[in-house]
Amino acid sequence: MTILRTKKIALILLLLSLIVTAFSFQRQKMDRGGHSEVRPRRREVRSLNGGRPFHVQGPRFVPGQVLVKFKPTVQNQLIDATVAAYSSIKVKKIPRLEVYQLRIPENITVEEMVYALNQNPDVEYAEPNFIVRITVTPNDPLFEYQYALLNTGQEIGIPGLLGGTVGADIKATTAWEETKGSADTIIASIDSGVDFSHPELKNKVLSRGRDFVNNDFDATDDLGHGTFVAGIAAADTNNNEGVAGVAWNCRILPIKVIDETGWGEESALAEGIIWAADNGADVISISLGSEDPLDSVRDALIYAHDRGIVIAASAGNDGTSVFYPAAYDDYCLAVAATDYNDQRTFWSNFGPQVDISAPGENVIGPVPNWFWQSQGYAGEIPYAIGSGTSASAPHIAGMAALLKSAKPWLTADQVMDIIRYTADDVNSGQNKGKDDYLGYGRINMQKALVPIKISK
Amino acid sequence: MKKRLRWLIVSLLALVLFTSPLVIAQTRPQAASLSRFQPGLRFDYFSRTVRWSNDETTSELTSYIGSLILGIEFRPRFSLAAILGFSSSAFDNVMFSQLPISIDFGGGGISSYVLGGEINACLLFGPPFGIDIVGQFLAYLGANKEWDVPGLAVSGTVEGKQSWMRASIGPQFVYREFKGFSPYIYLSFDYVWGTFTMKETIQTLTGEEKKEFRGKGVFGVALGADIDLPANIRIKGEAGVYPFEGGVDYSAVIKALISF
Numbered sequence: 001m002t003i004l005r006t007k008k009i010a011l012i013l014l015l016l017s018l019i020v021t022a023f024s025f026q027r028q029k030m031d032r033g034g035h036s037e038v039r040p041r042r043r044e045v046r047s048l049n050g051g052r053p054f055h056v057q058g059p060r061f062v063p064g065q066v067l068v069k070f071k072p073t074v075q076n077q078l079i080d081a082t083v084a085a086y087s088s089i090k091v092k093k094i095p096r097l098e099v100y101q102l103r104i105p106e107n108i109t110v111e112e113m114v115y116a117l118n119q120n121p122d123v124e125y126a127e128p129n130f131i132v133r134i135t136v137t138p139n140d141p142l143f144e145y146q147y148a149l150l151n152t153g154q155e156i157g158i159p160g161l162l163g164g165t166v167g168a169d170i171k172a173t174t175a176w177e178e179t180k181g182s183a184d185t186i187i188a189s190i191d192s193g194v195d196f197s198h199p200e201l202k203n204k205v206l207s208r209g210r211d212f213v214n215n216d217f218d219a220t221d222d223l224g225h226g227t228f229v230a231g232i233a234a235a236d237t238n239n240n241e242g243v244a245g246v247a248w249n250c251r252i253l254p255i256k257v258i259d260e261t262g263w264g265e266e267s268a269l270a271e272g273i274i275w276a277a278d279n280g281a282d283v284i285s286i287s288l289g290s291e292d293p294l295d296s297v298r299d300a301l302i303y304a305h306d307r308g309i310v311i312a313a314s315a316g317n318d319g320t321s322v323f324y325p326a327a328y329d330d331y332c333l334a335v336a337a338t339d340y341n342d343q344r345t346f347w348s349n350f351g352p353q354v355d356i357s358a359p360g361e362n363v364i365g366p367v368p369n370w371f372w373q374s375q376g377y378a379g380e381i382p383y384a385i386g387s388g389t390s391a392s393a394p395h396i397a398g399m400a401a402l403l404k405s406a407k408p409w410l411t412a413d414q415v416m417d418i419i420r421y422t423a424d425d426v427n428s429g430q431n432k433g434k435d436d437y438l439g440y441g442r443i444n445m446q447k448a449l450v451p452i453k454i455s456k
Numbered sequence: 001m002k003k004r005l006r007w008l009i010v011s012l013l014a015l016v017l018f019t020s021p022l023v024i025a026q027t028r029p030q031a032a033s034l035s036r037f038q039p040g041l042r043f044d045y046f047s048r049t050v051r052w053s054n055d056e057t058t059s060e061l062t063s064y065i066g067s068l069i070l071g072i073e074f075r076p077r078f079s080l081a082a083i084l085g086f087s088s089s090a091f092d093n094v095m096f097s098q099l100p101i102s103i104d105f106g107g108g109g110i111s112s113y114v115l116g117g118e119i120n121a122c123l124l125f126g127p128p129f130g131i132d133i134v135g136q137f138l139a140y141l142g143a144n145k146e147w148d149v150p151g152l153a154v155s156g157t158v159e160g161k162q163s164w165m166r167a168s169i170g171p172q173f174v175y176r177e178f179k180g181f182s183p184y185i186y187l188s189f190d191y192v193w194g195t196f197t198m199k200e201t202i203q204t205l206t207g208e209e210k211k212e213f214r215g216k217g218v219f220g221v222a223l224g225a226d227i228d229l230p231a232n233i234r235i236k237g238e239a240g241v242y243p244f245e246g247g248v249d250y251s252a253v254i255k256a257l258i259s260f
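These protein sequence lines are chains A and B, in that order. First residue of the first sequence? That's 1 in this note's numbering, and the numbers climb one at a time after it. First residue of the second sequence? That's 1 in this note's numbering, and the numbers climb one at a time after it.
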């Protein structure tokens, strides 16, 4: 009878200990983040499944290694025994932190070993030996002057003029960690054409494009403006040369509607929009306009918009009301200009049609190889610093291309809304919410492209 | 494949339900077959690592369930019970990347009603060991919960709705030599599946993404005991583990029943 009672008590104790152990294991799991697998860190490795575009790839952690920290009460002998029990070898110990770098056996994955170690009550934490890296920064040497993409307060290429406010930028580098865009996503740049020999564009153009000035199929730039704005949107990036484009991997479809004097016809612009829509454009960038309504251009915008094409158009640089076609608010994004301090530029046109803004003051971009020589400055590199909403609109076009790359199923209206609603309301001190000067604010590519964390 | 598995579980439960009385009749002498009403309370905890079907990532589902049990013991060692409860279920990070603005969700638990049923049928009754077949089905019905989307130029929300089902069935080996105390080991086929839908509404921008999931492991082992107290009260405690490739999940149950 006594034996039976003893057995009974022992079994009850065993049962209780099992329940308590189960809870304590779970508590440990929750304390360590609650993962039973090492999940990819959100901004590092993402699945390529589902036809989604190119993402940053590469190992997240050192293969065959884990880092482990034992609880302070654990003696060295027990640490050695534990490491041996897991068939691992100590590589080194990080001084002062008491964190051990272990080499693990080949027949177990890093994730499994991390999990197993984290179940050990003597272990404070275990983790993969993650690979750390700087945020995605292209190797283009002039990137350091592109405050619009990453503003660290740096010089922006004009002697004595600093970049202004740290963080007054469109957060391109963080967004590039999520996506650099797809070569299948096409930005039609409707302007004065492009310099097809320019190192920033020669590998980025889809074709020789269309010239509605000379009515042929060679949109060669004889002004310089078209090369500049196309480069802002999608210059060849990470090519060890010049500048970076907003839409890193996307391509340009050049359409020439402006002649060498800087003038163009409404009919050419309307035709250019239609041609872009019929020839594979996903996004249209328009850095030109008129103070007069352009009915045929409006109809062309409707044609393109109905085919899912996102259109960004510059608001104008006269400090007056918004130019057309930007003012056709239902079909395109009207883009105002900010500077390196996130302030509105005084010359940026304004009105209720302004949707959004992007840097447009002292923006660096490519110009045709012949450009500086024609201006009497032979030997200069083919890049220039320019200002205007012409420079702002291609930032929006590049962002729209990245969004279309990442989520091809989005409609034009959805992309436009994402760009609007994820903006930073940088002039909220003077005009809270959407206003006539900067619209919803300066674009923020990070918010638009990197998943937004919803926490408890 | 998943559908086939679900049908298999349902079929097994049905098989147990309909054949258990026959088995009981064959394995032990007829007892006075007076039905007994067995109401009770029950608390469940379980964590399950689940795999999302559309992107093959994993998350952990953690659920706490408090429920009422309305059981009937039709004849000795054959009982059916309905479970009516309330649960808070939470996933850790879940990525909704098909929404217009992608969401990395870690918003905590969503509370909802739980309905279910349980069957316990004795296959072999005889000292020192007995074998029962135990099956259980739980359905977390899902309720909507809303969160603000932070950091936007305009106000916006996401609304999440989870629903899941859990079915388990397997033999329970009971040691019956102790008076009023019956420890057991329960080997179960345990399957969890469900959906998590997230709806995004940011002014004119709307989108919805539905993700399906299923538990990574399908087998579990639990240790537990039934403790008979005076006044026809029975306490049950159980702790289980559910191994899967690369890890293990846990569960715990505490149950109190009173028989009339």
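Even for Gly, the Cβ is constructed at its ideal location relative to N, Cα and C.
Contact between A/V363 and A/S387 holds, since their C-beta atoms are separated by about 7 Å, short of 8 Å. Scanning A/L288, A/S189, A/S285, A/L269 for the CA closest to the CA of A/S296 turns up A/L269. Judged by DSSP secondary structure, A/F371 falls within the alpha helix (DSSP H) whose first and last residues are 371-374.
Cβ contact annotation for A/D222 (same chain, cutoff 6 Å, sequence separation greater than five): E260, in chain order. Around the Cβ of A/E155, a 10 Å sphere holds fewer than 16 other Cβ atoms; the residue is exposed.
Spatial neighbours of A/H395 in its own chain (CB-CB distance under 7 Å, excluding positions within 5 residues in sequence) are listed in chain order as A148, I170, I232, V246, A358, P359, I443. Look at B/P230: its C-beta is not under 8 Å from any C-beta on chain A.
In the DSSP assignment, B/E159 falls within the beta strand (DSSP E) that extends over 157-175. Here B/G66 is near B/F86, since their CB atoms are less than 8 Å apart. Secondary structure at A/D435: strand, using DSSP grouped into helix, strand and coil. Taking CB atoms only, B/T195 has no neighbour in chain A less than 8 Å away. Listed by position along chain B, the residues whose Cβ is nearer than 8 Å to that of A/D425 are A153. The beta carbon of A/L333 does not come within 8 Å of any beta carbon belonging to chain B, so the residue lies off that interface. Residue-level contact by beta carbon holds for A/Y115 and chain B, with a gap shorter than 8 Å. Taking a Cβ-Cβ cut-off of 9 Å, B/M165 has no neighbours in chain A, whose nearest Cβ is about 21 Å from it. When rounded, the separation of the alpha-carbon atoms in B/F189 and B/I72 is 24 Å. Sequence-distant Cβ neighbours of A/Y328 in its own chain, meaning closer than 6 Å and more than five residues away, are R298, L301. At a cut-off of 8 Å between beta-carbon atoms, A/L410 makes contact with chain B. Here B/A81 is bridged, per DSSP, to B/G71, B/E118. Under a criterion of Cβ atoms nearer than 7 Å, the residues of chain A adjacent to B/L205 are, in order, Q414, D417, I418, Y421. Using a Cβ-Cβ distance cut-off of 8 Å, the segment 178-188 of chain A and the segment 248-259 of chain A are in contact, since at least three pairs of beta carbons, one from each stretch, lie closer than that value.
With 16 or more other CB atoms across the displayed protein chains lying within 10 angstroms of its CB, A/R420 is buried.
Straight through space, the alpha carbons of A/W370 and A/S285 are spaced by roughly 24 Å. Nearest C-alpha to A/N341 among A/N427, A/V322, A/F228, A/E177: A/N427.
The residue from A/Y125, A/H305, A/E106, A/P138 with its alpha-carbon nearest to that of A/L97 is A/Y125. Each residue's CA atom was taken as its position, placing B/G108 and A/K453 some 12 Å apart. Residue contact with chain B for A/K69: absent (no Cβ-Cβ distance below 8 Å to any residue of chain B). DSSP places B/I227 within a strand segment (E or B) once states are collapsed to three. Per DSSP, A/K71 is not a residue of any beta strand (DSSP E), being assigned neither H nor E. The C-beta of B/S102 has 16 or more other C-beta atoms within 10 Å across all chains shown, which makes the residue buried. Only residues of its own chain outside the window of five on either side were considered, and among them V66, I104 have a CB closer than 6 Å to the CB of A/M113, listed in chain order. Here DSSP, grouped into helix, strand and coil, assigns A/S392 to helix. Around the beta carbon of A/Y115, a 10 Å sphere encloses 16 or more other beta carbons of the protein chains shown; the residue is thus reported as buried.
The C-beta of B/F105 comes closer than 8 Å to at least one C-beta of chain A. Going by DSSP, A/F228 is part of the alpha helix (DSSP H) stretching over 225-234.
Excluding the 5 residues flanking it on each side, B/S168 has same chain C-beta neighbours closer than 6 Å at Q136, S188, D190, in chain order.
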